[in-house]
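Sequential numbering from 94 applies to the sequence shown in the working numbering. Backbone N, C-alpha and C fix where the C-beta goes; we use that ideal spot for every residue, glycine too. What follows is a set of notes on a single structure, which appears directly below.
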Amino acid sequence: MSSTKERIHQIAEDKSAIIADMNQSLWGYAEYGYQEFKSAKKLTDVLRAEGFEVETGIAGIETAFVGTYGSGSPVIGILAEYDALPNLSQEAGKTDRRPIEGQKYGHGCGHCALGSGAVGAALIVKEYLQETGKQGTIKIFGCPAEETGFGKCFMVREHCFDGLDICFSWHPMDTTRCFTRSAAYYKVRFDFKGKAAHAGRAPEDGRSALDACELMNVGVNYLREHVISTARMHYAYLDCGGDAPNVVQETASLLYFVRSPRLKICQDILERVKKVARGAAMMTETEVDIKVLGGMSDYIPNPTASQLLSDAFVEQGGPDFGEAEFAIAREFLAAMSDEDREKALEAGSRVNGISKEEFAARPMNTTVLPFCEKDRETMSTGSTDVGDVSYNIPTGQYRVAIGVPGITTHTWPFTAIVGTSIGDKASQAVARGIARACTMVYEDPSVTEKAKQELLDETKGEYLSPLPEGAKPGEGM
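This is how it looks when you write it as structure tokens:
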């Protein structure tokens, strides 16, 4: 057998058409959380065809699954996601806004590539285990509804990840490097109920639920000064009480995200937000019903798992983008505003160690940045339910470049980019990198004991689930 590095490259190349087909299929399905029926079927069909044992409907979620190959320890988990976002439908490769007719959702966070690259990695690992005869098990988990439904939290609650020795994941971004820590958050609904009245003739008879929402938001805005600077509180109106201004609105509702570096801090801030809501209800003589829908724990980058991923990606290299991919990227660079284009060129030249002119010709980050301790300590204010897995299993997560720097996730340009061959090539690179990290574990199983001790040192064995008692998948979405 050739060197492991060369063999993984060869297997990835052999599986490249399968990986690209998964990315394109999932991108086209673009299904919302807990509705990923076609996407889950596509991935499980591939796994079964490749010789995996597949169990569907795990954790009581129809679109969740686990595919297993091999036997014995070490047992490695790989996390796949495949849910899309609302209002981000967009034609692939188009730099102007062009939603696809009849399609509401779009992969503006690149989960089509995420799922495809993760499954691709499992396929490579299966071939490695088969060819080398090494002992070990690979488990690929299909994890629904990461964006708004905290699917992995339910899977943790139902012990789906028990028995894993180590776990790997990744996410599309605009650079290739280890994930930093991420924030925890709670998702909470506030429903106000008042009394309707004619706003012109008898406003004194009414009690405005809309006024209560307005006062709550004002109160929370004042609260911002008195919480830690890294906390975030975001809100959206779910119900404004109707569109008639001459009616005292009987009902109105708000959806809040309360975000901070640790779930316990979120919990403390949320209790203060609840007091503001009750105060608003008291001032307006309305009633408020508060329902915590769920949340996500902060992500803990395990040092050993992160180092393994970093070493693997440095060895295997980033995406093999060619002229076709760079041509697409140049179109998106040209479509940026002058200010954003200059920022992209500055960032790209710095990361890749080349001039801005050189980067403008090939405007995607192709450099793999090695893991450093700063990656573990830097705090991202975004969130992921990978965090809940990371409190229970030593977890490493990588980010891989898809697209021009500055084109962020959760946008329609990101949808447009990930649906091209750029997404296909990135998925293939991810499959190589994660697969190589897995083979490193099979070559030296002792690393898992070190990783487990690091996790214990970090958490002291404590895990606070963000799910309220009795919560069910899909509620409140």
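Measure the C-alpha to C-alpha separation of residue i and residue j and round it to an integer number of angstroms.
i	j	result
Arg525	Ile217	8 Å
Glu439	Ile447	10 Å
Ala113	Ser322	42 Å
Asp332	Val351	19 Å
Ile193	Gln521	26 Å
Val139	Cys253	21 Å
Lys518	Ala453	20 Å
Glu470	Glu251	30 Å
Tyr198	Trp505	10 Å
Met94	Lys543	Note that Met94 has pLDDT 42, beneath the 50 cutoff, so the model's placement of it is unreliable and the number below is only indicative. Going by the C-alpha atoms only, they are around 29 Å apart.
Asp550	Thr541	14 Å
Lys219	Glu239	26 Å
Pro566	Asp431	44 Å
Gln409	Ala133	28 Å
Glu416	Ser442	18 Å
Gly126	Arg191	23 Å
Gly569	Asp537	44 Å
Leu348	Asp413	42 Å
Thr532	Glu450	39 Å
Asp189	Val479	33 Å
Met457	Asp267	8 Å
Arg434	Ala422	12 Å
Leu257	Val168	5 Å
Gly334	Glu318	30 Å
Asn339	Lys288	14 Å
Asp468	Ser275	11 Å
By the three-class DSSP mapping on this structure, what secondary structure does residue i have?
i	result
Ser539	coil
Pro396	helix
Arg294	coil
Leu557	coil
Lys288	strand
Arg492	strand
Asp382	strand
Gly526	helix
Thr377	helix
Gly170	strand
Thr161	strand
Met94	Because the pLDDT at Met94 is just 42, under 50, the model does not fix this residue reliably, and the value given afterwards should be weighed accordingly. Of the three classes helix, strand and coil, the one that applies to Met94 here is coil, per DSSP.
Cys253	coil
His200	coil
Arg141	helix
Phe414	coil
Ser390	coil
Ser132	helix
Just reading off the beta strand (DSSP E) that residue i is part of, what are its end residues?
i	result
Asp579	The shown model of the chain, from 94 to 570, leaves out residue 579, and the question about it has no answer.
Glu146	Glu146 to Thr149
Look at the Cβ atom of residue i, then the Cβ atom of residue j, and state whether they are nearer than 8 Å.
i	j	result
Lys232	Thr161	yes
Ala345	Ala302	yes
Asp391	Lys245	no
Ala370	Phe283	yes
Val159	Phe243	no
Leu560	Lys357	no
Arg529	Ala405	yes
Ala182	Gly229	The amino acid at residue 182 is misidentified as Ala; the sequence shows Ser. Contact flag unset, no.
Ala305	Gly299	no
Val407	Val461	yes
Glu547	Asn395	yes
Cys205	Gly516	yes
If distances are taken between C-alpha atoms only, which option among the options comes closest to residue i?
i	options	result
Glu224	Asp517, Ala522, Gly195 and Ile104	Ile104
Ala173	Met266, Tyr221, Cys260 and Pro338	Cys260
Tyr122	Gly299, Leu308, Gly512 and His252	Gly512
Phe272	Arg355, Ala238 and Ile393	Ile393
Lys553	Asn485, Arg443, Glu536 and Gly569	Asn485
Lys280	Ile362, Gln546 and Ser132	Ile362
Glu210	Ser476, Asp404, Trp120 and Tyr556	Reading off the sequence, residue 210 comes out as Gly, not Glu. The option with the nearest alpha carbon to Gly210 is Trp120.
His150	Gly496, Cys236, Lys286 and Ile527	The amino acid at residue 150 is misidentified as His; the sequence shows Gly. Ranking the options by Cα distance to Gly150, first place goes to Cys236.
Lys368	Asp336, Leu316 and Gly334	Leu316
Gly170	Gln490, Lys467 and Pro498	Gln490
Gln117	Thr97, Val168 and Gly208	Gly208
Leu178	Gly496, Gln128, Ala152 and Gly372	Gln128
Thr477	Tyr278, Ala295 and Val523	Tyr278
Ala215	Pro487, Ser275, Asp176 and Ala142	Ala142
Ile383	Lys467, Met389, Arg365 and Met376	Arg365
Thr379	Val341, Ala185, Val249 and Asp468	Val341
Ala437	Val497, Val534, Glu106 and Pro463	Val497
Within the continuous alpha helix (DSSP H) that includes residue i, where are the two ends?
i	result
Ser437	Reading off the sequence, residue 437 comes out as Ala, not Ser. Per DSSP, Ala437 belongs to the alpha helix (DSSP H) from Asp431 to Asn445.
Leu119	Ser109 to Tyr122
Thr225	His204 to Thr225
Pro338	Neither: Pro338 is in no alpha helix (DSSP H) and is coded neither H nor E.
Pro506	Trp505 to Val511
Gly312	Ala302 to Leu316
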